[in-house]
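This report refers to the structure that appears directly beneath it.
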Amino acid sequence: ILNVEQSPQSLHVQEGDSTNFTCSFPSSNFYALHWYRWETAKSPEALFVMTLNGDEKKKGRISATLNTKEGYSYLYIKGSQPEDSATYLCALWGSARQLTFGSGTQLTVLP
Amino acid sequence: GAGVSQSPSNKVTEKGKDVELRCDPISGHTALYWYRQSLGQGLEFLIYFQGNSAPDKSGLPSDRFSAERTGGSVSTLTIQRTQQEDSAVYLCASSDSTLYGYTFGSGTRLTVV
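Residue numbers (my numbering), protein chains in the order written: chain A, 38 to 148; chain B, 350 to 462.
This is the structure we're talking about:
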């Protein structure tokens, strides 16, 4: 059974601030770590998939890193904008061929 | 279709009634998943269909919940005798069974009053 924890549960930042949040996992017994972004009333949208220790991915102002040895992944947002407001979900793909999700970090960017 | 479609998008039902939620996955995706998110909780796995194999029902919370996938395509999730704790957003996702993740539908928000 894979365990995924995300922190903080919620976060409020001012427009223009940079921010980051954490996905932690006690075991590295998985094949891939996924980050999703979920806006209210929309479908969760895939952001990144990372498979190797030390992976770093970037899409615009958003980037993510993976450290399987120490059991965490960070998601960074540079210069937050109101449209970044969403719930950010971390999930692990394991041998059961399904994703196990964390409870998410709800980000609110205040204009 | 181009994406995963779910219907209805919103459903309000009275306690004790049965509801059916529908998911139309991406054509050709062999794997189909149902999850739900209750208020303040994470995404909870419910059931997983893979091709013609027997589904993984390990996440269904009670025997009031059942799901079918007909012809390897459309799936319906049925909740019998709904309870208030069934109120949640029910998400469907499909996958071509690689580790590169899912494509989600936009969900059905179920409210049991």
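The C-beta atom is built at its ideal place from N, Cα and C for all residues, glycine as well.
All of these numbers come straight from a predicted model, not from anything done at the bench.
One thing to note: B/Val-353 has its Cβ no nearer than 8 Å to the Cβ of B/Thr-457.
Assignment of beta-bridge partners to A/Ile-99 by DSSP yields A/Lys-96, A/Ile-114.
Your pair A/Ser-55 and A/Ile-99 does not check out as a contact, with CB atoms roughly 11 Å apart and the cut at 8 Å. Two segments are said to touch when three or more pairs of C-beta atoms, one from each, lie closer than 8 Å; by this definition the segment 435-445 of chain B touches the segment 369-385 of chain B.
Here the segment 65-77 of chain A lies against the segment 122-132 of chain A, with 3 or more beta-carbon pairs under 8 Å apart. Of the other Cβ atoms in all chains shown, fewer than 16 fall within 10 Å of the Cβ of A/Ser-64; this residue is therefore exposed. DSSP places B/Asp-373 within a strand segment (E or B) once states are collapsed to three.
Not flagged as an interface residue toward chain A: B/Phe-398, since no C-beta distance is shorter than 8 Å.
Along the segment 404-429 of chain B, there is no position whose C-beta sits under 7 Å from a C-beta of chain A.
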